[in-house]
Ligand SMILES: Nc1ncnc2c1ncn2[C@@H]1O[C@H](COP(=O)(O)OP(=O)(O)OP(=O)(O)O)[C@@H](O)[C@H]1O
Ligand SMILES: [Mg+2]
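Residue numbers (this note's numbering), protein chains in the order written: chain U, 3 to 319; chain Z, 20 to 384.
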């Protein structure tokens with residue numbers, strides 16, 4: 003399915019160049035046409051990997067040649083990625099590699115300088131952050147972004163904003179629709195908070211929660227938008243080992259229960275290697291390796307990126 | 020259990036706000052009946068009501084939506100002059116004062132809302148603090164436009180001109196708005212009761228809006244714009260809703276205010292008035308609607324009582340405004356205040372728990 007998309011695009015660009023060629027020289031065009039039947043067609047080599055169970059379904063996310071420059075800095079360059087419908091994928095790399103920037107490109111916090119992003123086959127060109135949310139991507143932030151002055155439940159209710167509708171006038175004059183929707187908001191948000199056993203904290207002010215709980219609340223709020231793909235930026239940062247272990251379990255449970263894809267950035271290798279099915283490694287804005295946790299752990303380039311080139315060892319050989 | 024208790028917290032706070040308004044009204048009425056109030060205070064009742072409404076409505080923009088508006092008097096002005104033209108027009112044909120007042124206040128709200136929409140639409144699409152600059156300019160532009168506006172009414176209906184009274188081409192009748200002189204011969208339809216009802220209406224609109232899906236979206240944008248966008252909230256739309264509703268309410272307050280006097284000039288609604296309303300909101304605690312109302316009432320009465328301050332009033336307001344800004348933005352002072360609050364809360368905890376258990380019992384029934 004996904005390769006279909008690419009083929010269509012490929013043929014379009016071929017058509018475009020042919021047209022140009024026609025305009026330039028009719029003779030050349032004739033020659034091309036006459037040799038058309040003899041061209042050898044080959045399958046395009048793909049650098050994308052998805053879990054086998056998702057292989058015959060359209061990918062939830064596909065990006066091609068994505069990139070952004072900050073002045074002279076190529077923060078992300080030629081970023082290609084495909085994520086299966088129910089995949090748990092990891093994006094790792096040293097500090098400053100461009101992982102968060104890649105998330106910001108996927109969610110349109112930054113406008114890409116180059117490349118395309120397809121969410122469930124839909125191009126995000128021209129969309130803004132809120133449209134991307136409606137298209138099916140939800141995210142959390144490395145530097146937590148909660149609605150700090152509001153309660154835990156209100157934060158989740160805001161996440162449900164586009165799931166439950168109620169117009170301004172209904173709210174202003176307390177029409178029946180308001181009461182019905184508020185009830186729905188309440189029940190749904192407690193249900194979602196229960197994913198992390200946080201229903202008991204529903205009325206606490208979000209900004210006063212402990213750090214770990216704030217991270218969990220951000221995930222609940224993201225889930226409330228009913229996404230197809232959940233992006234988690236360092237979900238375990240600042241959590242203790244037992245919290246992290248619980249988080250790993252919950253992430254897998256979220257995938258199983260909601261049947262969504264999850265892409266996470268994380269420095270905690272136990273978490274990444276423990277639950278991610280496919281992993282991409284980013285270094286200086288470029289993907290240097292893709293594969294299963296096992297493949298990544300033994301990849302020479304990845305080891306170099308993380309530990310630096312081991313010159314001494316090389317000299318010895 | 021826990022849930023019921025806390026849900027009641029906002030409801031309880033809102034009930035207290037309404038109770039304060041109603042009690043203040045009843046007490047005032049009783050005092051007036053007993054002739055225990057001076058004439059100067061009675062003359063201030065409608066302006067107090069209008070400023071309380073202004074304070075509530077500006078709080079929607081400054082406190083709830085988290086934006087700075089420096090031209091709120093501009094919307095008051097739009098409402099005042101459109102309202103009094105409608106009132107003069109209707110007063111000739113409708114005998115019922117409440118109906119005439121009601122219609123003109125509604126029309127004033129609509130006109131101010133349109134002005135708010137036109138001003139807000141281009142600004143709300145931008146990021147950053149452009150609103151302060153644009154609203155500041157808006158207030159001045161409205162004042163200057165009204166300084167050149169002439170409106171007259173005769174048997175043929177209403178006449179408008181931006182040149183002079185002669186240009187109206189009147190056939191007898193009377194002039195309603197005369198450029199810089201402003202409106203003269205206004206039908207004085209406003210009353211304390213009307214002001215009280217308008218405060219209740221403004222409170223209902225704002226408090227209901229805040230505690231609804233729309234209000235949550237507005238506050239989400241205030242707390243964290245990017246996070247709000249990332250959950251699919253249309254930022255421009257909700258900033259604009261807050262701004263337009265606020266403008267409409269300010270317009271209604273303006274109409275109430277204008278119809279308390281026999282004449283009123285455009286320069287009454289200048290930059291100083293905008294700042295005055297902002298001072299109400301800041302002093303009351305941004306986002307604290309009840310605090311803003313009380314600040315509006317007190318600061319409207321005080322200058323009349325402290326006449327000797329006279330011209331220094333605006334100076335004092337500015338100093339107070341700067342002081343409050345410094346205090347609310349200084350982390351050290353904030354920490355000290357926070358500690359103080361914490362201690363205060365702990366001491367009051369016993370009493371609070373008693374109330375909660377009582378309420379819990381009631382809701383079980
Ligand atoms: N808005 C910006 N303007 C200029 N440079 C930026 C901007 N955002 C990110 N960068 C730069 O892009 C590079 C990648 O940053 P990014 O935050 O994506 O790294 P990261 O992989 O998420 O790192 P970490 O693991 O520390 O979170 C860094 O060199 C950073 O300084
Ligand atoms: Mg990062």
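Just so you know, even glycine gets a beta-carbon here, dropped at the ideal spot from N, CA and C.
CA-to-CA distance, residue 93(Z) to residue 288(Z), given in whole angstroms: In the second chain, the residue the question calls residue 288(Z) occupies position 269. In the second chain, the residue the question calls residue 93(Z) occupies position 74. Residue 288(Z) and residue 93(Z): Cα-Cα distance of roughly 6 Å.
Cut-off 7 Å between Cβ atoms - residues of its own chain near residue 108(Z), not counting five sequence neighbours on either side: One-based indexing of the second chain puts residue 108(Z) at position 89. 172, 177.
Whole-angstrom distance between residue 332(Z) and residue 266(Z), CA atom to CA atom: Reading the second chain from its first residue, position 247 is the one you call residue 266(Z). Reading the second chain from its first residue, position 313 is the one you call residue 332(Z). Residue 266(Z) and residue 332(Z): Cα-Cα distance of roughly 26 Å.
Residue 54(Z) (DSSP reduced to helix, strand or coil): Reading the second chain from its first residue, position 35 is the one you call residue 54(Z). Per DSSP, reduced to three states, the secondary structure at residue 54(Z) is coil, with no helix or strand assignment.
Proximal residues, the region 219 to 231 of chain Z versus chain U, C-beta separation under 7 Å: For the region 219 to 231 of chain Z, the beta-carbon criterion of a distance under 7 Å to any beta-carbon of chain U is satisfied by 224, 227, 228, 231.
Residue 281(U) vs residue 298(U) beta-carbon contact at 7 Å: In the first chain, the residue the question calls residue 281(U) occupies position 279. In the first chain, the residue the question calls residue 298(U) occupies position 296. Yes. Within cutoff.
Run of the alpha helix (DSSP H) containing residue 99(U), from where it starts to where it stops: Within the first chain, the letter at position 97 stands for residue 99(U). Premise fails: residue 99(U) is in no alpha helix (DSSP H) and is neither H nor E.
Reduced DSSP secondary structure (H/G/I, E/B, other) of residue 188(Z): On the second chain, position 169 is the one that residue 188(Z) refers to. Three-state result, residue 188(Z): coil.
Where the beta strand (DSSP E) through residue 119(Z) begins and ends: Along the second chain, read from residue 1 onward, the residue named residue 119(Z) stands at position 100. Per DSSP, residue 119(Z) is not a residue of any beta strand (DSSP E); the alpha helix (DSSP H) it occupies stretches across 116 to 143.
Opening and closing residue of the alpha helix (DSSP H) in which residue 221(Z) lies: Locating residue 221(Z) in the second chain gives position 202, where the first residue counts as 1. Residues 211 to 229.
Opening and closing residue of the alpha helix (DSSP H) in which residue 160(U) lies: In the first chain, residue 160(U) corresponds to position 158, counting from 1. Note, residue 160(U): alpha helix (DSSP H), 154 to 161.
Secondary structure of residue 344(Z), DSSP reduced to three states: In the second chain, residue 344(Z) corresponds to position 325, counting from 1. If DSSP states are grouped into helix, strand and coil, residue 344(Z) belongs with the helices.
Cutoff 7 Å: residue 371(Z) Cβ touching any chain U Cβ: Along the second chain, one-based indexing puts residue 371(Z) at 352. Its pLDDT being 40, under 50, residue 371(Z) is placed unreliably by the model, and the measurement read from it follows with that caveat. Not an interface residue.
Inter-residue Cα distance where the pair is residue 232(Z) and residue 168(U): The residue given as residue 232(Z) occupies position 213 in the second chain. The residue given as residue 168(U) occupies position 166 in the first chain. Residue 232(Z) and residue 168(U): Cα-Cα distance of roughly 7 Å.
Beta carbon proximity, residue 305(U) to chain Z, threshold 7 Å: To locate residue 305(U), count along the first chain from 1; it is residue 303. Chain Z, which has no Cβ nearer than 7 Å to the Cβ of residue 305(U), makes this no.
Neighbourhood of ligand 1 [Cβ distance below 5 Å to any heavy atom], ordered by chain position: Screening all residues for a C-beta within a distance smaller than 5 Å of any heavy atom in ligand 1 leaves 72(U), 77(U), 97(U), 98(U), 99(U), 100(U), 101(U), 102(U), 103(U), in chain order.
Completely contained alpha helix (DSSP H) runs for the region 285 to 320 of chain Z, where each covers 4 or more residues: Contiguous alpha helix (DSSP H) elements confined to the region 285 to 320 of chain Z occur at 290 to 303, taking only those with 4 or more residues.
Partners in chain U for residue 242(Z), counting only beta-carbon separations shorter than 8 Å: Position 223 of the second chain holds residue 242(Z). Here the neighbours are 148, 149, 150, 151, 152.
Minimum C-alpha distance to residue 41(Z) - residue among 87(Z), 217(Z), 73(Z), 84(Z): The sequence position of residue 41(Z) within the second chain is 22, counting from 1. The shortest C-alpha separation from residue 41(Z) is found at 217(Z).
Residue interval of the beta strand (DSSP E) (run including residue 43(U)): Here residue 43(U) refers to the residue found at position 41 when the first chain is read from its first residue. Here residue 43(U) belongs to no beta strand (DSSP E), and DSSP marks it neither H nor E.
Residue 347(U) CB to nearest heavy atom of ligand 2 below 6 Å: The requested residue 347(U) is not part of the displayed model; chain U covers only 3 to 319.
Segment contact flag, the region 157 to 165 of chain U with the region 231 to 246 of chain Z, C-beta cutoff 8 Å, min 3 pairs: The region 157 to 165 of chain U is in contact with the region 231 to 246 of chain Z.
Extent of the continuous alpha helix (DSSP H) run through residue 218(U): In the first chain, residue 218(U) corresponds to position 216, counting from 1. Run containing residue 218(U): 213 to 226, per the alpha helix (DSSP H) assignment.
Nearest to residue 334(Z) (by Cα), restricted to the options 201(Z), 295(Z), 85(Z): Locating residue 334(Z) in the second chain gives position 315, where the first residue counts as 1. Per the C-alpha coordinates, the member of 201(Z), 295(Z), 85(Z) positioned closest to residue 334(Z) is 295(Z).
Contacts of residue 292(U) in chain Z (Cβ-Cβ under 8 Å): Position 290 of the first chain, counting from 1, holds the residue named residue 292(U). The contacting residues do not exist; residue 292(U) stays about 26 Å from chain Z at best.
With 16 other Cβ atoms within 10 Å as the buried cut-off, status of residue 26(U): Locating residue 26(U) in the first chain gives position 24, where the first residue counts as 1. Low confidence applies here, because residue 26(U) scores a pLDDT of 48, under 50, leaving its location unreliable and the question unanswered by this model.
Burial state of residue 28(U) (16 or more Cβ within 10 Å): Here residue 28(U) refers to the residue found at position 26 of the first chain. For residue 28(U), the predicted structure reports a pLDDT of 49, less than 50, and the residue's modelled location is therefore unreliable. The matter cannot be settled from this model.
Nearest-angstrom Cβ-Cβ length linking residue 213(Z) and residue 99(Z), presumed shorter than 8 Å: Position 194 of the second chain, counted from the start, is the residue given in the question as residue 213(Z). Position 80 of the second chain, counted from the start, is the residue given in the question as residue 99(Z). Not quite, the Cβ-Cβ distance comes to about 14 Å (not below 8 Å), so this is no contact.
Cβ neighbour criterion (16 or more within 10 Å) applied to residue 30(U): The sequence position of residue 30(U) within the first chain is 28, counting from 1. Since pLDDT at residue 30(U) reaches only 48, below the 50 mark, its modelled position is unreliable, and the value read off the structure follows with that caveat. When all chains shown are included, residue 30(U) counts as exposed.
CB contact below 7 Å: residue 36(Z) versus chain U: As a first step, residue 36(Z) must be located in the second chain, where it is residue number 17. The beta-carbon of residue 36(Z) is placed no less than 7 Å from the nearest beta-carbon of chain U.
Residue 129(U) - DSSP class collapsed to helix/strand/coil: Position 127 of the first chain, counting from 1, holds the residue named residue 129(U). Coil, per DSSP.
CA-to-CA distance, residue 59(U) to residue 213(U), given in whole angstroms: Taking the first chain and counting its residues from 1, one reaches residue 213(U) at position 211. Taking the first chain and counting its residues from 1, one reaches residue 59(U) at position 57. Straight across, the Cα-Cα distance linking residue 213(U) with residue 59(U) is about 38 Å.
Coil, strand or helix - residue 64(U) by DSSP: Reading the first chain from its first residue, position 62 is the one you call residue 64(U). When DSSP states are grouped into helix, strand and coil, residue 64(U) belongs to the strand group.
Among 257(U), 179(U), 183(U), 117(U), the one whose alpha carbon lies nearest that of residue 225(U): In the first chain, counting from the first residue as 1, residue 225(U) sits at position 223. Comparing Cα positions, the closest option is 257(U).
Sufficient close CB pairs (3 or more, under 8 Å) joining the region 174 to 185 of chain U to the region 241 to 261 of chain U: Contact between the region 174 to 185 of chain U and the region 241 to 261 of chain U is absent, because fewer than three Cβ pairs lie under 8 Å.
Chain Z residues whose Cβ lies nearer than 9 Å to that of residue 175(U): To locate residue 175(U), count along the first chain from 1; it is residue 173. The contacting residues are 223, 224, 227.
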